[in-house]
Each structure stands twice: as structure tokens, then as C-alpha cells.
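Below you'll find the structure, written out as C-alpha cells, and then a few comments.
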Amino acid sequence: QQQVKQSPQSLIVQKGGISIINCAYENTAFDYFPWYQQFPGKGPALLIAIRPDVSEKKEGRFTISFNKSAKQFSLHIMDSQPGDSATYFCAASWAGGGNKLTFGTGTQLKVEL
Amino acid sequence: DVKVTQSSRYLVKRTGEKVFLECVQDMDHENMFWYRQDPGLGLRLIYFSYDVKMKEKGDIPEGYSVSREKKERFSLILESASTNQTSMYLCASTTGANTGELFFGEGSRLTVL
Numbered sequence: 080q081q082q083v084k085q086s087p088q089s090l091i092v093q094k095g096g097i098s099i100i101n102c103a104y105e106n107t108a109f110d111y112f113p114w115y116q117q118f119p120g121k122g123p124a125l126l127i128a129i130r131p132d133v134s135e136k137k138e139g140r141f142t143i144s145f146n147k148s149a150k151q152f153s154l155h156i157m158d159s160q161p162g163d164s165a166t167y168f169c170a171a172s173w174a175g176g177g178n179k180l181t182f183g184t185g186t187q188l189k190v191e192l
Numbered sequence: 003d004v005k006v007t008q009s010s011r012y013l014v015k016r017t018g019e020k021v022f023l024e025c026v027q028d029m030d031h032e033n034m035f036w037y038r039q040d041p042g043l044g045l046r047l048i049y050f051s052y053d054v055k056m057k058e059k060g061d062i063p064e065g066y067s068v069s070r071e072k073k074e075r076f077s078l079i080l081e082s083a084s085t086n087q088t089s090m091y092l093c094a095s096t097t098g099a100n101t102g103e104l105f106f107g108e109g110s111r112l113t114v115l
């Protein structure tokens, strides 16, 4: 049962371009939507997160857009850099779930020079 | 600095062997988790623990058990390893507050022959 669906599975972007990764969820009880970034040989690390009371959150070059009615959220990476090459996971949790995150299947991003 | 340590980075075991994966966190976190990471499937929750000696099943607990005798240590046990348990195993911890931020270890790559 895949409660958080993520696309695309892989993505190649030119340096300076915009990377966009999309996620859709089914459980309307979800109220916390983080994105994790994972470099090879490392564990995932929190990149940016949003709660459904706002439609957008921006931190530097990274922006989450959230559409509650469509049950979708996306990560935008502006001015993508080779150092952004990593695997990105969206996730979701709900207040009664005790920090138990449900993850998407991941997107492998490669930023080419 | 937050640290989650998984003592074994790479293990090779034979079918039927008992396998212990150890995880230690130094942040006095209440909650600890074991995830399994497979290509195309993302991170799937195996077991989690909200307190010492407490454990709850995640989404894929079959074939696994856990132990939490001390707050800082959470062990994953494969009673009789099988080839379909070949995977990357990730331990994570977080505070009891509903922040959603998990701190991950670097992972234990298990190969079962």
C-alpha cells in the first residue's frame, strides 16, 4: 500500500535549471510533509518541510509547493547545481502517528554541467 | 552534533543465520526507528520504539524483531536471514515532540547469500 506516490523516479537537469519532483498522498490525516536528501553512502537528512496551513515554503534555492485540495506537494530546486545531485524522498506524517514517517519511493537527481 | 551510529556498515551472512544490527544515538531521543531501503521502493518502516522496552510493528515487520533495553540503543534482529532480506537498513531517531525530523544513521548494507 503506497500512501505517498513520488515521481519521477530519476531526473537529469542541466546546471542552472529548475528541478521539480512531485508527490501525491492519500491519507487526509497527514499534516506534516518533509523532504529528505540523501547522498551516496549517507543516511537521508531533512532538507525542508511544510505543514498544510501554508501553500508554499522557501528556503534558499529550495521551495515546497503544497496543494491541499489535490493532495499533492512538490519540491522545486532553483538554479540547480552539481552538488544537488542526490536522491530525494518526500514523506508525510500525522500528529497522531508519533513521528512515524511514510516515505515516497525516491527520485535520483543528477545535475549536469 | 546529532549522531546516530550503526556499528556495522557492511555485512555478508548466509541463509538461516541470525543477524543483529545495532544502532546507538547520543541525543537522548525517545523515539527510534528501523527502515529498510530498496531501489524503487523507497524507505519502508520495519519497527519503531517510543520508549525503553516498548516496540511497535511498522509496515513490513515479518521476519524481523527488535530490542530496546536502553534508551540510546535499538537493535534489529533477523532470526533466520533469507535472501529477500538483502537490503540497506537505516536506523533513525527523533525526540518525542511532533517535529517529524528524523536523524538517520549511515546505514547497514546486508547481503544474505
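Residue numbers (our numbering), protein chains in the order written: chain F, 80 to 192; chain P, 3 to 115. Where a beta carbon is used, it is the ideal one built from N, C-alpha and C, also for glycine. These numbers were taken from a predicted model, which means no experiment stands behind them.
A Cβ-Cβ separation of about 6 angstroms places F/Ser98 in contact with F/Leu188 under the 8 angstroms criterion. Taken atom to atom, the span from the alpha-carbon of F/Asp110 to that of P/Gly60 is near 19 angstroms. In chain P, no part has a C-beta under 9 angstroms from the C-beta of F/Gln151; the shortest such distance is about 17 angstroms. Bridge pairing for F/Tyr104: F/Val83 [DSSP].
Excluding sequence positions up to five before and after F/Gln160, its CB lies within less than 7 angstroms of the CB of Lys94 and Val190, all in the same chain and listed in chain order. Partner residues in a beta bridge of F/Phe118, as assigned by DSSP, do not exist.
Cβ-Cβ separation between F/Gly185 and F/Gln85: approximately 7 angstroms, consistent with a contact (criterion under 8 angstroms). By the C-beta density criterion, F/Gln88 is exposed, having fewer than 16 other C-beta atoms within 10 angstroms. Per the C-alpha coordinates, the member of F/Ala103, F/Ile91 and F/Gly139 positioned closest to F/Lys147 is F/Ala103.
Contact note: F/Thr184 reaches chain P through Gly42, Leu43 and Gly44, using a C-beta cutoff of 8 angstroms and chain order. Around P/Leu47, the beta-carbon contacts reaching into chain F at under 7 angstroms are Lys179. For P/Thr96, the chain F residues whose Cβ falls inside 8 angstroms of its Cβ are Asn178, in order along the chain. In the structure shown, the three-state DSSP call for P/Gly107 is coil.
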